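Structure record follows, encoded as structure tokens.
Listed below in structure tokens is the structure:
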């Protein structure tokens, strides 16, 4: 299960999505903090099939977590080379052109 928020902006869609078990956590690395907040990621809980549909339809995607990133990379949306880690948790940002 994933926690997702879809934002309609101009003619595009922005998706914030994370592995549901990460919701509410704060990750730290050096001077960088990433809050996986309900406000940013928790519009609704989605299953794998709905997550796939959202990943396909979105123009920009901000994702956090091993499961969602694995799903995205397997769909050829983003690449492993772009994945960064904070506190051992991967995150990836994808912009489709």
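Numbering (the working numbering), first residue to last: -18 to 78.
Backbone N, C-alpha and C fix where the C-beta goes; we use that ideal spot for every residue, glycine too.
The model shown is predicted, which means the values in this text are computed figures rather than measured ones.
Spatial distance of residue 28 from residue 0 (CA atoms)
Along the chain shown, read from residue 1 onward, the residue named residue 28 stands at position 47. Along the chain shown, read from residue 1 onward, the residue named residue 0 stands at position 19. So the alpha carbons of these two residues sit roughly 10 angstroms apart.
Could you say if the stretch -10 to 5 and the stretch 33 to 41 meet the contact criterion of at least three C-beta pairs nearer than 8 angstroms?
Segment contact: the stretch -10 to 5 against the stretch 33 to 41, three or more CB-CB distances shorter than 8 angstroms; contact assigned.
Residue 70: buried (16+ other C-beta within 10 angstroms of its C-beta) or exposed?
Indexing the chain shown from 1 puts residue 70 at position 89. It counts as buried.
For the pair the stretch 54 to 66 and the stretch 12 to 21, tell me if three or more CB-CB distances fall below 8 angstroms.
With the rule of 3 Cβ pairs closer than 8 angstroms, the stretch 54 to 66 does not count as touching the stretch 12 to 21.
For residue 42, the nearest candidate out of 77, 5, 6 and 4 (CA to CA)
Within the chain shown, the letter at position 61 stands for residue 42. Of the listed residues, the one whose Cα sits closest to residue 42 is 77.
Exposure of residue 50, with buried meaning 16 or more beta-carbon neighbours within 10 Å
Walking along the chain shown from the start, residue 50 turns up at place 69. Counting the other Cβ atoms within 10 Å of the Cβ of residue 50 gives 16 or more, which makes it buried.
From this set, 17, 40, 3 and 4, which residue's C-alpha is nearest residue -12's C-alpha?
For this step, residue -12 is matched to residue 7 along the chain shown. Minimum Cα distance to residue -12 is reached at 40.
Tell me the rounded alpha-carbon separation between residue 9 and residue 23.
Taking the first residue of the chain shown as position 1, residue 9 is located at position 28. Taking the first residue of the chain shown as position 1, residue 23 is located at position 42. C-alpha separation (whole angstroms): 20 angstroms.
Report yes if the C-beta distance between residue -18 and residue 26 is below 7 angstroms; otherwise report no.
Residue -18 sits at position 1 when you count from the first residue of the chain shown. Residue 26 sits at position 45 when you count from the first residue of the chain shown. Result yes, Cβ atoms of residue -18 and residue 26 sit closer than 7 angstroms.
Between residue 72 and residue -16, what straight-line distance do the alpha-carbon atoms span, to the nearest angstrom?
Here the question's residue 72 lines up with position 91 in the chain shown. Here the question's residue -16 lines up with position 3 in the chain shown. When rounded, the distance between both Cα atoms is 14 angstroms.
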